[in-house]
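Participant: Shown below is the structure under consideration.
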Amino acid sequence: MSERTVLYIEDNFHNRRLVRKILASRGYTVVEAESGSQGMDMLRAGRPPLLLLDIGLPDVDGLEIVRWVRSEAALRNLPVIAITASAMRGDRERFLEAGCDDYLSKPIHAVELLQLVDRYYPQAGDPPANDPAPAP
Ligand code: CA
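Numbering (the numbering used here), first residue to last: 412 to 547.
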């Protein structure tokens with residue numbers, strides 16, 4: 412598969428459209444989930460190479476999702492970038508502690524988003540995205 416896919420869990424239509432546009436400009440395909448539960452269903456169905464995760468979701472808290480991802484053998488090593496409006500002191504630590512690899516604060520800026528996605532997207536030579544995690 413030549414397309415580069417990213418799963419984005421975000422309830423806000425405008426943010427989804429913006430992220431889709433920015434990432435499409437670099438050849439990424441954005442698969443979107445509109446709610447936390449939909450996103451979790453999609454993660455159960457197949458591991459994407461990279462997850463962009465809104466923290467403020469109406470149904471499931473984003474931090475709860477990332478903790479669940481880290482507890483699942485098949486998803487444990489999935490790179491997760493949190494996207495959040497919350498920029499209070501201590502938030503970064505809270506997100507990283509919950510299991511996020513990095514985080515981006517809203518409003519979303521194209522350059523910052525692309526830098527992060529390029530940094531965390533698996534490179535050729537990394538294990539294929541659909542391989543299950545190695546047995547412990
Ligand atoms: Ca939101």
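Just so it is clear, CB atoms sit at the ideal spot from N, CA and C, and this is done for glycine as well.
G457: buried (16+ other C-beta within 10 angstroms of its C-beta) or exposed?
Facilitator: Flag for G457 reads exposed.
Participant: Tell me whether E445 sits in a helix, a strand or coil according to DSSP, three-state version.
Facilitator: coil
Participant: Just to confirm before moving on: does the CB-CB distance between L434 and L524 stay below 9 Å?
Facilitator: Taking the C-beta atoms as reference points, L524 is found nearer than 9 Å to L434.
Participant: How is L362 classed by DSSP in three states: helix, strand or coil?
Facilitator: For residue 362 there is no data in the structure shown, the boundaries of the chain being 412 and 547.
Participant: Measuring alpha carbon to alpha carbon, tell me which of Y419, R455, V430 ends up nearest E443.
Facilitator: Here the closest residue by C-alpha is Y419.
Participant: Which residues in the same chain as D513 place their Cβ atom closer than 7 Å to its Cβ, once the five residues preceding and following it in sequence are excluded?
Facilitator: I492, L527, Y531
Participant: Which value, in whole angstroms, describes the spacing of the CA atoms of N426 and I519?
Facilitator: 8 Å
Participant: Got a sec: does ligand 1 put a non-hydrogen atom nearer than 8 Å to the Cβ of G450?
Facilitator: no
Participant: Give me the residue from L486, K517, D529 with the minimum Cα distance to M453.
Facilitator: L486
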